[in-house]
């Protein structure tokens, strides 16, 4: 779990302008609203996650991804299939 | 209800993967692939993105609380002339908004409203800022100028869902506002 969490943070960090934002972020930050990632980066994040874990994130799954935990849960769910 | 969205074309192909082949399945609704016969992929991906994100913002203002999944939104283009596009956006076959989009060499900017009749009444302006700190100050200055209200009486807030609210004289204003930012560009739209 921690490995996936660190890997997801690493992916997100590529698109975070101010890395210090993690310091004051909630425990389970919202990707766009709390980490201040430009929404146009959704495509980059989805493609990065798909390529790293060999999974496909469909539109219905994407619609449920608001927080960092949502990304981790989606990866676990898709990787288990 | 109104919304807007802007995407800068500067370095778009190296900056974002939004215009890549792999991004098509994330952005395009199945009914939109045929549009690739008429428009370049970079232009079309950017146009669809700004239209869909505008529709998403309108739905969020209306209480929708899911993440943005662009391929669930379907954009129709009813007219495209002189770098201006117009049409509608739907979600699950239900109308969300009408839009018009302006394209320049530097950016694409979309303005949307639930009712097409509202579109001509939306004030909008695009400007650029050098730093993100400058953003809200500049937005308040622009609103101050256009509404002829002292800038000291204007405050910009965002609620928990990131929806901007205009505070005038300490009270939440009836003026509906929408903001978008990409690279150094800020797109401001409001309906008073």
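Chains as they are written, first to last, in this note's numbering: chain A, 20 to 100; chain B, 1016 to 1207.
C-beta atoms are modelled at their ideal positions from N, C-alpha and C, and glycine is treated no differently.
All values derive from a computational prediction rather than experimental measurement.
- Close to chain A, meaning a Cβ-Cβ distance shorter than 7 Å, is no residue of the stretch 1134-1153 of chain B at all.
- If you look at residue 1141(B), you'll find it isn't in any alpha helix (DSSP H); it sits in the beta strand (DSSP E) that goes 1138-1143.
- Burial is judged here by how many other beta carbons sit within 10 angstroms of a residue's own beta carbon; residue 1166(B) has fewer than 16 and is exposed.
- For residue 1070(B), no chain A residue has a C-beta closer than 8 Å to its own C-beta; the minimum C-beta separation is roughly 13 Å.
- Comparing alpha carbon positions, the residue from 1198(B), 1207(B), 1192(B) and 1199(B) closest to residue 1069(B) is 1192(B).
- The secondary-structure analysis by DSSP pairs residue 1192(B) across a beta bridge with 1205(B).
- At a cut-off of 8 Å, the C-beta of residue 98(A) has no neighbouring C-beta in chain B.
- Taking 7 Å as the Cβ-Cβ cut-off, the stretch 75-90 of chain A approaches chain B at 78, 81, 82, 83, 84 and 85, given in chain order.
- In this structure, DSSP gives residue 1071(B) a helical state, which the three-state scheme calls helix.
- Here residue 1081(B) carries a coil assignment [DSSP, helix/strand/coil].
- Residue ranges of uninterrupted alpha helix (DSSP H) with 4 or more members, entirely inside the stretch 24-66 of chain A and ordered along the chain, are 40-43.
- The bridge partners DSSP lists for residue 1019(B) are 1126(B).
- Interface annotation, residue 1159(B): not in contact with chain A, CB-CB separation never under 8 Å.
- When C-alpha distances from residue 1172(B) are compared across 1023(B), 1185(B), 1160(B) and 1046(B), the shortest belongs to 1185(B).
- In summary, the residues of the stretch 1079-1101 of chain B whose CB is separated from some CB of chain A by less than 8 Å are 1081, 1082, 1083, 1084, 1085, 1086 and 1087, in the order they occur in the chain.
- In the three-state DSSP reduction, residue 1092(B) falls in the strand class (E or B).
- For residue 1153(B), the enclosing alpha helix (DSSP H) covers residues 1149-1162.
- Under the DSSP definition of a beta bridge, residue 1045(B) lacks any partner.
- Residue range 1109-1118 is occupied by the beta strand (DSSP E) that includes residue 1118(B), with no alpha helix (DSSP H) assigned at that position.
- For residue 61(A), the nearest CB of chain B lies under 8 Å from its own CB, placing it at the interface with that chain.
- At a Cβ-Cβ threshold of 8 Å, residue 67(A) and residue 35(A) do not count as neighbours.
- Residue range 87-99 is occupied by the alpha helix (DSSP H) that includes residue 93(A).
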